[in-house]
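What follows is a single structure, written as structure tokens, with notes after it.
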Amino acid sequence: LAEAWQGPGRARAFALLGTTFGAGLALGPLLAGALLQLGGWRSVFATSGVLTLLACLIGARVLRESHGDRVRLDVAGMLTFSLMLASLTLALLWLGEHGIGAPRVQMAFVACAVLASLFVWIERRQAAPLLDLTLFSQRAFVGVQLLPVATCFGYVVLLVVLPLQLLGVHGQGTGIVGLQMLALSAPLLVLPMLAARWAQHFGSTLLCTLGLLLCAQGLWWLSRHAATPVPMLWIPPLLLIGAGAALPWGLMDGLSVSVVPVQRAGMAAGMFGTVRVAGEGIALAAVTALLAGLIGRHLPSAWPEATASASMYLVTGDLETAQAWLPHATVAELQQASGEALATLLRVLSALTFACALLLQLLLGRSAPSHEGVADSV
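Residue numbering for the sequence shown follows our numbering, beginning at 2 and increasing consecutively.
This is the structure in structure tokens:
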């Protein structure tokens with residue numbers, strides 16, 4: 002996309018890409034639910050397979066083939082980077098269940114640190130590295146990487162955490178939960194295209210910062226109603242969160258290639274995609290661990306293993322099994338513990354999103370050169 006379009010055309014292309022993401026997030030769960038009812042879980046995977054095959058066939062016809070320099074694949078970088086992410090994800094997942102004092106948690110964190118150091122050492126000595134770490138010396142590039150991190154913590158994790166809490170812990174119906182999730186994702190159907198137009202007048206940085214601030218405000222607002230979830234009280238803050246995430250959603254892909262020279266756009270786009278996808282997994286693991294720890298603090302006192310297990314089951318929405326671990330706790334007590342923990346989590350996510358907005362403005366606000374990028378006025 003970065004090579005095929007320039008200037009305003011590129012902005013519209015990336016905005017349409019963001020809108021497509023939004024359509025999948027908003028309509029995907031609803032369509033999957035309908036397929037699940039009509040044809041079972043296999044129909045969901047079969048439909049995804051057909052759509053993927055269709056995309057491959059279309060891509061093979063219309064996408065231009067490009068060949069860079071014939072260099073060896075950075076296998077060592079791939080292995081160390083993948084193992085580092087796996088170690089970090091495992092450490093975060095085990096942290097919520099076993100605590101920081103568990104040997105397996107400590108070993109996973111140590112392995113992550115060692116692999117990260119080894120990865121940096123390898124990449125600095127590669128003629129064609131998997132990830133060009135020198136790009137992180139540019140403050141504008143670092144600032145752009147904050148956008149997928151912020152949207153992961155402020156928006157993406159909610160797509161997983163909230164339905165589990167509403168359906169499994171609080172017993173809301175699938176239709177009501179689907180309506181609330183639609184409120185969260187519906188803004189991504191419209192606002193990315195509008196943001197591309199507004200960016201020509203106000204600049205991408207201002208719109209992205211404003212979006213993150215709106216998202217942070219929506220998270221804080223939602224935290225005030227998290228302990229006693231009522232759909233009519235949840236929908237307005239969910240709309241605000243979705244609107245805040247939607248503003249940078251269609252701009253950040255273009256920004257990732259606009260803040261570097263054209264000849265490095267491919268590497269910049271690849272690194273940005275890596276941060277986005279890896280960030281989603283890490284953010285979800287971190288939020289799961291944090292929510293489990295917060296729930297454990299609000300549960301009735303019991304022996305540590307029972308509390309830890311009940312907390313993890315509540316995170317996944319399994320109220321029945323959680324109560325089996327804590328037979329003396331009532332359903333109301335478990336729901337209250339989960340709701341209060343969710344409220345605290347939302348406030349933490351709000352603070353993280355707000356901090357990302359401030360850092361984004363600091364790194365991109367003064368000077369972020371646009372190299373024929375999506376934003377004529379970054």
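Glycine is no exception: its CB is placed at the ideal position from the N, C-alpha and C atoms.
Ignore the nearest five residues each way along the sequence and tell me which others in L119's own chain have a CB closer than 7 angstroms to its CB.
-> Closer than 7 angstroms at Cβ, skipping near neighbours: T81.
So what's H299 in DSSP terms, helix, strand or just coil?
-> In the structure shown, the three-state DSSP call for H299 is helix.
Cβ of A323 within 9 angstroms of Cβ of A309?
-> In this structure, A309 does not lie closer than 9 angstroms to A323 by Cβ.
Helix, strand or coil: which one does DSSP assign to L160?
-> Helix at L160.
Using DSSP with H/G/I as helix, E/B as strand and the rest coil, what is S138?
-> In the three-state reduction of the DSSP assignment, S138 falls in the helix class.
In three-state DSSP terms, what is T308?
-> Helix.
Look at the alpha carbon of A1 and the alpha carbon of A284, and state the distance between them as a whole number of angstroms.
-> Past the edges of the chain, shown from 2 to 379, lies residue 1, and the structure says nothing about it.
Roughly how far, in whole angstroms, is the beta-carbon of L327 from the beta-carbon of L291, given that I think they are within contact range, below 8 angstroms?
-> Cβ atoms of L327 and L291 stay farther apart than 8 angstroms, at about 20 angstroms.
6 angstroms Cβ shell around S83 - same chain, five flanking residues per side excluded | Nothing listed; no residue qualifies.
Straight-line Cα distance separating A5 from G294 | Whole-angstrom Cα-Cα distance: 48 angstroms.
For I101, does the three-state DSSP call read helix, strand or coil?
-> It is coil, neither helix nor strand.
In chain order, what residues of the same chain lie with their CB nearer than 6 angstroms to the CB of M272, ignoring the 5 residues before and after it?
-> Closer than 6 angstroms at the Cβ level, and outside the excluded window around M272, lie L132.
Would you say L361 and L213 are within 9 angstroms of each other, going by their C-beta atoms?
-> Yes, the Cβ-Cβ distance between L361 and L213 is below 9 angstroms.
Residues of its chain near M79, where Cβ-Cβ distance is below 8 angstroms and the 5 sequence neighbours each way are ignored | Excluding residues within five positions, the ones whose Cβ falls inside 8 angstroms are L131.
Figure out for me which residue from Q146, A217, V231 and A279 has the closest Cα to the Cα of L364.
-> Its Cα nearest to that of L364, the residue Q146 stands out among Q146, A217, V231 and A279.
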